[in-house]
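J.: One structure coming up, written as structure tokens, with questions to follow.
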Amino acid sequence: MYRSVLNIPGGIKFVHHFAKPMNAERGRPRSFDPEIALDRATEVFWRHGFRGASLAELTEATGLSKPSLYAAFGDKEALFLRCLQRYAQRYVAFQTALLDEETDTRRAVEGFLRAIVALQGDPKLPGGCMVVTGSADCGTAIPAAVDAALRSAAGSTEQRLLQRLQKDGQADARQLATLFSTVLTGTAVMAKSGQPLEKLQAAVDAAMLAWPAEAKRKR
Numbered sequence: 519m520y521r522s523v524l525n526i527p528g529g530i531k532f533v534h535h536f537a538k539p540m541n542a543e544r545g546r547p548r549s550f551d552p553e554i555a556l557d558r559a560t561e562v563f564w565r566h567g568f569r570g571a572s573l574a575e576l577t578e579a580t581g582l583s584k585p586s587l588y589a590a591f592g593d594k595e596a597l598f599l600r601c602l603q604r605y606a607q608r609y610v611a612f613q614t615a616l617l618d619e620e621t622d623t624r625r626a627v628e629g630f631l632r633a634i635v636a637l638q639g640d641p642k643l644p645g646g647c648m649v650v651t652g653s654a655d656c657g658t659a660i661p662a663a664v665d666a667a668l669r670s671a672a673g674s675t676e677q678r679l680l681q682r683l684q685k686d687g688q689a690d691a692r693q694l695a696t697l698f699s700t701v702l703t704g705t706a707v708m709a710k711s712g713q714p715l716e717k718l719q720a721a722v723d724a725a726m727l728a729w730p731a732e733a734k735r736k737r
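What the sequence shown shows, in our numbering, is residues 519 to 737, in sequence order.
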């Protein structure tokens, strides 16, 4: 297994375990491990999106032939949905924890944003966000189930932010949630294009300037 440790401003440490990156070991594994194969397929979709990921790249990454890949996971659509679910389970869980565990809402939101951009800019990972990369295909000729899953995943970050902001009684909760989720979409694109982590964190700095004064909370 591969281990990535992210030290996020604010004293947050996130340790992520996943399979070796797909370029670390070529060819079919000596014994097939579906969890490792899913990790490697997830990396391909994370890097290229649904349409951009070729079957050749998926078979090379997993070490499986095309018939074996289909037998194990179904067609490309089914595999993508499995990988998207895996991605969401691994990252959404820790994101939600950051929003829920910190009692101070401003610190919770800032920690949430910084943790996500740290993942987006982690050089050990494919870069950016699998959902943002995949969402570029929405509205094109992709399977309806893939389109729906990506749209749902894309909206979930804003929804989680909105819930926390409303819980805190922020008068502009919806606008803030939209702003912060839009910033994360932008930083995902920046990370994908190779921008350094410092620039991603600077975007968070700018976004947090929009945090309202106490007087703007709902009474």
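Heads up, the beta-carbon is just placed ideally off N, CA and C, and yes, glycines get one too.
(1) Using CA coordinates, which residue listed in Y588, D593, Q684, A579 is at the minimum distance from R565?
(2) Using 10 angstroms around the beta-carbon of E561, count the other beta-carbons present and answer buried if the total reaches 16, otherwise exposed.
(3) Between which residues of its own chain and A728 is the CB-CB distance below 8 Å, once the five residues before and five after are set aside?
(4) Alpha helix (DSSP H) containing E716: first to last residue?
(5) Would a C-beta distance cut-off of 7 Å place L683 and A691 closer than the cut-off?
(6) Report yes if the C-beta distance between A559 and L597 is below 7 Å; otherwise report no.
(7) When the Cα atoms are used, what is the spatial distance from T658 to G652?
(8) Between which two residues does the alpha helix (DSSP H) holding D665 run?
(9) Any idea if E628 is buried or exposed, counting beta-carbon neighbours within 10 angstroms, 16 or more meaning buried?
T.: Well, looking at it:
(1) A579
(2) buried
(3) Same-chain partners within the cutoff: L694, L697.
(4) 715-726
(5) yes
(6) Contact: yes.
(7) 11 Å
(8) 662-685
(9) buried
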